[in-house]
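Accompanying notes for the structure given below.
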Amino acid sequence: MLKIKLIQPQQVEEVTEVILEICQEVFQVDRATILNYDDFVDLDNVEEHYFTNRGIFLVLLDRQKVVGSGAIRYLENDICELKRMWIFQAYRGQGWGKKISEQLFAFAKKKGYKKIRLDLANTEKQQQAIAFYKNLGFYSIPPYNSSPCQVFMEKTI
């Protein structure tokens, strides 16, 4: 049975592994390349980066196994950022991404955020993600950070 829950400290390592595995699948690069691009510093201290900073971090569980994740973190005043939205391929297309997103959007609205932003690394390799976010009401915006990402999007809530 699948369920969406708040991340627990003992799940951080498993979430990191899930993200690394999905990134290897999507970007067709090795683990070292991903770790060179993303140091996962936010996952080193989920409490500080998310929970005590007007954010939240959710995991999708199949029994007790993490099969997906999604988070909201503070960006500035009334703008937050959608982060770490990854779901194993076997669980995509079943509405779980939308369910996680809806919980994250409801949280963001309750916290007083007016806009949610996100960035994606690669236009070509993340077409499925771009289409997913467009279906959720996100639209393209100019870069809002200095990351090497190619896609920047925003949604008004």
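In terms of our numbering, the sequence shown is numbered consecutively and its last residue is 167.
Note that beta-carbon positions come from the ideal geometry of N, C-alpha and C, so glycine has one too.
| Distance CB(R73)-CB(M11) smaller than 8 angstroms | yes
| message | Measuring alpha carbon to alpha carbon, tell me which residue in I44, G80, A118 is nearest N87. | response | N87 has its Cα closest to that of A118, out of I44, G80, A118.
| In whole angstroms, what is the alpha-carbon distance linking N132 and C33? | 11 angstroms
| message | Report the start-end ranges of each alpha helix (DSSP H) in the region 34 to 87 that is 4 residues or longer and not cut off at the edges. | response | 41 to 47, 51 to 54
| field | Run of the alpha helix (DSSP H) containing I140, from where it starts to where it stops | value | 137 to 145
| field | Beta-carbon proximity of Q137 to V161, cut-off 8 angstroms | value | No, they are not a contact pair.
| request: Check I110 in the structure and name its three-state DSSP category. | output: helix
| message | For the beta strand (DSSP E) containing F162, name the first residue and the last one. | response | 161 to 166
| How about A139 and L146: are their beta carbons less than 8 angstroms apart? | no
| Just reading off the beta strand (DSSP E) that E134 is part of, what are its end residues? | Note, E134: premise wrong, no beta strand (DSSP E); not H, not E.
| request: For the beta strand (DSSP E) containing I14, list its first residue and its last residue. | output: 12 to 16
| request: Return the bridge partner residues of R94 from the DSSP annotation. | output: Answer is none; R94 lacks a bridge partner.
| field | Local conformation of K124 per DSSP, three classes | value | coil
| How is Y101 classed by DSSP in three states: helix, strand or coil? | helix
| query | Closest to P153 by CA distance: which of W96, V28, R127 is it? | reply | Relative to P153, the option among W96, V28, R127 whose CA is nearest is R127.
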